Every structure is written in C-alpha cells, then in structure tokens.
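Asks: Residue numbers (the working numbering): 523 to 801. Cβ coordinates follow ideal geometry from the N, Cα and C atoms, glycine included. In this text, all values refer to a predicted model and were calculated from it rather than measured experimentally. Here it is, the structure, as structure tokens.
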C-alpha cells in the first residue's frame with residue numbers, strides 16, 4: 523500500500539507514482555538519498571483512498587465517558603501482542619497517567635503468570651501509582667478479582683506475550699482473556715517491527731468464531747523509529763483505530779494520544795477532537 527519510488531528528479535518520480543496509484547496518489551515524504559554515491563530523489567506515496575480509510579478509522583476511535591453506574595461491571599481494556607512489545611509497561615502507563623480516563627477510577631489485572639518477574643513488575647508500578655492490582659491464574663478467579671475491583675470504572679488487563687506459533691499456550695490464555703469479555707482489545711505492536719511481521723501478528727490475534735479479535739492498535743517504541751514512513755506503513759497494514767502511542771520507557775509520561783501522531787506520519791493534519799480525553 524505504501525510504496526517507495528526513486529529517480530533522478532522529482533517530476534519523473536512523481537510520474538511513476540501516478541502511474542502506479544492513479545491520479546489520486548498522495549506523496550507523503552520526499553528526501554534526497556544516495557544510490558552508489560549518486561544523489562537521487564526518493565518519495566513515499568500511497569493512494570488517497572487508503573489514507574482516507576486510515577483517517578476514518580482514527581476518527582472512530584474516541585470513546586465515551588467511562589464512569590460506570592453503581593454496581594455495573596468495570597469497562598475492560600485488554601492489551602495483547604507479541605513478546606517484547608511493551609504490554610506491561612504500557613499497562614502501567616495507562617493506569618498511572620492521571621486524567622487519561624477523566625475522573626474514571628482505574629484498576630490493573632494481569633494474566634501474565636508465565637514470564638519471570640512480570641507480575642512483580644506490574645505490582646510495583648501499581649503500588650507506585652496507588653492503583654489496585656489483581657493476578658488471575660484461571661477463569662474461576664475472574665469474578666472474584668473483578669468484585670475486588672468493583673470500585674474501579676476501568677480495568678486494564680495485561681496478557682502474556684506469545685509467538686503466533688505457540689498454538690496451545692495461546693489458546694489457553696485467549697480462552698482466559700475471553701472470559702473477561704473485554705470491551706476493547708488493543709494490539710500492542712512495536713513500531714520497529716516490519717509491516718509484514720506486524721500484519722502476521724495481527725492476524726494471529728484476529729477475530730474467530732470463539733474469540734474476539736483486536737479492536738485497536740497501540741504502537742510502542744516510536745522513539746526508536748528513524749523515519750515516519752515506518753509508522754505510516756504499520757498504520758496502513760494493520761487497518762485498526764488507535765487511541766494511544768508510546769514513545770519511550772518512562773511511566774507514565776511516554777504515553778501520548780495516538781490519532782494525531784499517526785496522521786502526522788502521513789503528513790496529514792488532525793482535528794483536536796481526535797485526541798480528546800473524557801473529563
């Protein structure tokens with residue numbers, strides 16, 4: 523969807539992009555590169571229709587106020603994704619960032635009981651942020667954990683990182699996650715990952731007859747990406763709305779609104795309402 527074109531001058535490169543994508547082509551980025559020591563013009567281009575789809579998905583992302591009615595179940599946001607994507611740190615950022623959910627009270631649950639130190643890491647973050655924290659080992663413990671978090675309006679669920687090929691373990695924790703009946707499932711993907719590998723990961727967390735698939739993408743490690751084109755390529759490939767991005771390790775400061783940041787990678791302007799946080 524996102525394609526790189528190189529040539530001796532901008533006019534000829536733009537013509538090639540137009541022949542590839544048609545008259546609605548949009549040039550996203552232009553730079554001078556050297557190929558064998560020879561300076562060349564390089565542009566990144568995509569069809570305008572594809573960019574409009576990205577914008578429309580991002581505009582669908584803002585959520586309602588999350589203050590729940592007394593006695594109601596907390597709004598459940600689950601984080602899923604491959605090993606090393608930064609799910610646990612992101613969960614801590616979501617819980618600790620004051621005002622992110624307006625006046626909503628936030629709790630944390632982990633079902634990542636496999637990784638050495640994972641529970642302890644999130645427990646430490648929860649203590650520092652003064653956020654209630656629960657560990658769930660199997661489906662029979664979910665109701666009790668949610669009951670202990672009944673004062674919370676929002677619950678963030680951290681899940682173990684899994685390789686798409688680890689079928690048996692993946693099915694086990696997906697069944698556990700499904701028992702939570704999450705309202706949103708955010709696919710946490712490092713922005714350093716190649717778009718084809720990210721798409722493979724996304725498909726492994728896709729919806730099936732038995733499982734709810736990812737509803738949003740949450741890109742992490744944006745501070746490690748040298749060029750905007752990598753971010754744009756991921757957004758085009760994953761085709762999911764976004765609420766937040768992470769651009770560093772600091773908790774909670776390195777969590778930012780996602781829509782405007784994603785659109786900026788395409789050279790597009792975002793409406794202020796896209797980054798709205800409920801009061």
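Can you list, in chain order, the residues of its chain whose CB lies under 7 Å from that of residue 571, leaving out five sequence neighbours each side?
Replies: Locating residue 571 in the chain shown gives position 49, where the first residue counts as 1. The residues are 546.
Asks: Less than 7 Å between the beta carbons of residue 754 and residue 788, yes or no?
Replies: Here residue 754 is taken as the residue at index 232 of the chain shown, counted from 1. Here residue 788 is taken as the residue at index 266 of the chain shown, counted from 1. In contact: residue 754 and residue 788 (Cβ atoms closer than 7 Å).
Asks: Closer than 8 Å is the cut-off here; do at least three beta carbon pairs connect the segment 636-655 with the segment 616-624?
Replies: At 8 Å Cβ cutoff, the stretches touch.
Asks: Residue 599 and residue 630 look like a contact to me (Cβ under 8 Å); what is the Cβ gap, rounded to whole Å?
Replies: As a position in the chain shown, residue 599 is number 77, starting the count at 1. As a position in the chain shown, residue 630 is number 108, starting the count at 1. Their Cβ separation, rounded to whole angstroms, is 11 Å, which puts residue 599 and residue 630 out of contact at 8 Å.
Asks: Which stretch, first to last residue, makes up the alpha helix (DSSP H) that contains residue 747?
Replies: The residue given as residue 747 occupies position 225 in the chain shown. Counting along the chain, residue 747 falls outside any alpha helix (DSSP H), and DSSP gives it neither H nor E.
Asks: Under 8 Å: do the segment 755-766 and the segment 710-721 share three or more Cβ pairs, one atom per stretch?
Replies: Yes, the segment 755-766 touches the segment 710-721.
Asks: Skipping 5 residues on each side, what residues in its chain have a beta carbon closer than 6 Å to that of residue 532?
Replies: For the purposes of this step, residue 532 is taken as residue 10 along the chain shown, with counting starting at 1. Result list for residue 532: 563, in chain order.
Asks: Between the Cα of residue 737 and the Cα atoms of 705, 577, 657 and 654, which residue gives the shortest distance?
Replies: By 1-based counting over the chain shown, the position of residue 737 is 215. The shortest Cα separation from residue 737 among 705, 577, 657 and 654 belongs to 705.
Asks: DSSP on residue 799, reduced to helix/strand/coil?
Replies: As a first step, residue 799 must be located in the chain shown, where it is residue number 277. Because the pLDDT at residue 799 is just 49, under 50, the model does not fix this residue reliably, and the value given afterwards should be weighed accordingly. If DSSP states are grouped into helix, strand and coil, residue 799 belongs with coil.
Asks: Take the Cβ of residue 556 as the centre, count every other Cβ of all protein chains shown within 10 Å, and call the residue buried at 16 or more, exposed below.
Replies: Locating residue 556 in the chain shown gives position 34, where the first residue counts as 1. Exposed, since its Cβ has fewer than 16 Cβ neighbours within 10 Å.
Asks: Determine whether the beta carbon atoms of residue 579 and residue 763 lie at a separation below 7 Å.
Replies: Counting from one through the chain shown, the residue named residue 579 turns up at place 57. Counting from one through the chain shown, the residue named residue 763 turns up at place 241. In this structure, residue 763 lies closer than 7 Å to residue 579 by Cβ.
Asks: Let me know the beta strand (DSSP E) ranges lying completely inside the segment 609-660, each 3 residues or longer, listed in chain order.
Replies: Counting only runs of 3 or more, we get 628-632 and 655-657.
Asks: Is the beta carbon of residue 627 sitting closer than 7 Å to the one on residue 675?
Replies: The count along the chain shown starts at 1 and reaches residue 627 at position 105. The count along the chain shown starts at 1 and reaches residue 675 at position 153. Yes, Cβ-Cβ distance for residue 627 and residue 675 is below 7 Å.
Asks: Mapping the DSSP letters down to three states, classify residue 537 as helix, strand or coil.
Replies: Looking up residue 537 in the chain shown gives position 15. Correct three-state label for residue 537: helix.
Asks: I need the straight-line Cα distance from residue 528 to residue 553, nearest angstrom please.
Replies: Working through the chain shown from its first residue, we reach residue 528 at position 6. Working through the chain shown from its first residue, we reach residue 553 at position 31. Near 10 Å, if we compare the C-alpha coordinates of residue 553 and residue 528.
Asks: For residue 534, count neighbouring C-beta atoms within 10 Å of its own C-beta (all shown protein chains included) and say buried if the count is 16 or more, exposed if not.
Replies: Within the chain shown, residue 534 is the residue found at index 12, counting from 1. Exposed is the call here.
Asks: What did DSSP end up calling residue 561 once you bin it into helix, strand or coil?
Replies: Within the chain shown, residue 561 is the residue found at index 39, counting from 1. Three-state DSSP puts residue 561 in a strand.
Asks: Taking DSSP as the reference, what is the three-state secondary structure of residue 790?
Replies: Within the chain shown, residue 790 is the residue found at index 268, counting from 1. In this structure, residue 790 counts as coil in the three-state DSSP scheme.
Asks: Here's the rule I'm using: 16 or more other beta-carbon atoms within 10 Å means buried, otherwise exposed. How should residue 639 be labelled?
Replies: Position 117 of the chain shown, counted from the first residue, corresponds to residue 639. That one is exposed.
Asks: Out of curiosity, what's the CA-to-CA distance linking residue 558 and residue 771?
Replies: Stepping through the chain shown from its first residue, residue 558 is reached at position 36. Stepping through the chain shown from its first residue, residue 771 is reached at position 249. One C-alpha to the other measures close to 38 Å.
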